[in-house]
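In the working numbering, the protein residues as written are 602 to 951. A virtual CB, placed ideally from N, CA and C, is assigned to each residue, including glycine. Reading through the structure tokens given below for one structure.
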Ligand SMILES: NC(=O)c1ccc[n+]([C@@H]2O[C@H](COP(=O)([O-])OP(=O)(O)OC[C@H]3O[C@@H](n4cnc5c(N)ncnc54)[C@H](OP(=O)(O)O)[C@@H]3O)[C@@H](O)[C@H]2O)c1
């Protein structure tokens, strides 16, 4: 299998470290360059990065020099986990210089010609790349993954929307601390506490959900015509975002129909056998007290989402709880799966 050299922008952060960890033994991608802020530049990755994940920092990256996030970078493809405020200019300049940019940040997610990709849900949206290629003939382009809470929400909604149509969804999230990056929320603010505000998060979930579930028509995405309402909370959990979700369906369905649609969900990444694709994208649990972050975030190596508490609802039609690993399925793992899909479908040949 051909190996591509990848650069990681924001390599020292929470998501950057996940990239490094998940790419350690990857069959197609090997880390050849790392970039971060001027705080880290000029040091080796081993010196600059305060490793926060369980297990050791992979030996192969320890001696890589941390560079500024600017081209030229010694790699074929760029994974970006830069903060949103600097991502727009930086990612745009890499794409203009001919690099494929697979981004976690929110900077380009809602741009009309940028795929906001969940490989199991909207791989057809990759056709938007033709539009980017009309504007940018360097060979570079940008593909983004959604917000970490949007990914798990939309993965759970997609099979229900396909089978019964969803006209309205209300989601209340309980989001882990690692979602705020490092060092994130001050311990004195979150111990013994829940914070009912995460800047920009509710708007992202509401707009991104409609784009991902929308249709590709005439080189643009027609957003799904559903009402989406999100309320977001930061909770004292290390990893694993959760959401309590209520849905209103367009067509009548029984509880067992919903359970079957979720549990049997299977899509292109599974058919293609992509390296990071979980064999089962959605696990449906029947226990009354699942999903839980501590017990369920590592399902499918962090790439499977878990749905539980599926019941009829007294206000909308049905309700459930969904959970996923925010830095794996919600960030680095999602971006790596996006890159695997691009290669498998021939959208990028290196
Ligand atoms: N955490 C999650 O669960 C999650 C999920 C989905 C998406 N995201 C998105 O992913 C991105 C990274 O999040 P994170 O949680 O990994 O944040 P983080 O832990 O704060 O890491 C930020 C990274 O960006 C680098 N950086 C900061 N300012 C920079 C600058 N001016 N120039 C170059 N590099 C700079 C940092 O380098 P230094 O170490 O040198 O400061 C670090 O490598 C954000 O856009 C976030 O919204 C995060």
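Reference residue i, options the options, closest by Cα
| i | options | result |
| --- | --- | --- |
| residue 828 | 814, 941, 874 | 814 |
| residue 784 | 615, 946, 602 | 615 |
| residue 937 | 887, 880, 876, 722 | 876 |
| residue 670 | 648, 761, 683, 661 | 683 |
| residue 879 | 885, 905, 865, 703 | 905 |
| residue 738 | 916, 816, 701 | 701 |
| residue 613 | 908, 913, 649, 689 | 649 |
| residue 845 | 901, 807, 923, 913 | 923 |
| residue 910 | 859, 874, 694 | 859 |
| residue 666 | 647, 659, 656, 676 | 647 |
| residue 897 | 803, 868, 838 | 838 |
| residue 761 | 918, 932, 926 | 918 |
| residue 854 | 908, 657, 914 | 914 |
| residue 884 | 802, 664, 863 | 863 |
| residue 639 | 735, 835, 611 | 611 |
| residue 811 | 786, 857, 719 | 719 |
| residue 808 | 824, 794, 887 | 824 |
| residue 818 | 901, 729, 689 | 729 |
| residue 602 | 668, 621, 631 | 631 |
| residue 706 | 801, 943, 796 | 801 |
| residue 657 | 711, 866, 622 | 622 |
Cβ separation of residue i and residue j, assumed to be a contact under 8 Å, to the nearest whole Å
| i | j | result |
| --- | --- | --- |
| residue 680 | residue 752 | Not quite, the Cβ-Cβ distance comes to about 16 Å (not below 8 Å), so this is no contact. |
| residue 774 | residue 750 | 5 Å |
| residue 732 | residue 820 | 5 Å |
| residue 756 | residue 722 | 7 Å |
| residue 741 | residue 699 | 5 Å |
| residue 903 | residue 930 | 6 Å |
Opening and closing residue of the alpha helix (DSSP H) in which residue i lies
| i | result |
| --- | --- |
| residue 646 | 646-649 |
| residue 863 | 856-864 |
| residue 788 | 788-791 |
| residue 877 | Neither: residue 877 is in no alpha helix (DSSP H) and is coded neither H nor E. |
| residue 586 | Because residue 586 is not part of the residues shown, which for the chain are 602 to 951, the question remains open. |
| residue 662 | 660-663 |
| residue 623 | 615-623 |
| residue 731 | 730-736 |
Start and end residues, beta strand (DSSP E) containing residue i
| i | result |
| --- | --- |
| residue 908 | 906-913 |
| residue 853 | Neither: residue 853 is in no beta strand (DSSP E) and is coded neither H nor E. |
| residue 821 | 821-823 |
| residue 679 | 678-681 |
Residues bridged to residue i [DSSP beta-bridge criterion]
| i | result |
| --- | --- |
| residue 833 | 774 |
| residue 919 | 848, 913 |
| residue 631 | 606 |
| residue 867 | The partner list for residue 867 (beta bridge, DSSP) is empty, contrary to what the question assumes. |
| residue 745 | 704, 717 |
| residue 843 | 775, 924 |
| residue 668 | 636 |
| residue 816 | 823 |
| residue 767 | 850 |
| residue 945 | DSSP, once it has assigned bridges, lists no residue as partnering residue 945. |
| residue 884 | 907 |
| residue 761 | Residue 761 is not bridged to any residue. |
| residue 796 | 835 |
| residue 900 | DSSP, once it has assigned bridges, lists no residue as partnering residue 900. |
| residue 612 | Residue 612 is not bridged to any residue. |
| residue 828 | 769 |
Chain B within 8 Å of residue i, Cβ atoms only
| i | result |
| --- | --- |
| residue 624 | Note that chain B does not occur in the displayed structure, where there is just one protein chain. |
Heavy atom of ligand 2 within 7 Å of residue i beta-carbon
| i | result |
| --- | --- |
| residue 940 | Ligand 2 is absent from the structure shown, which contains only ligand 1. |
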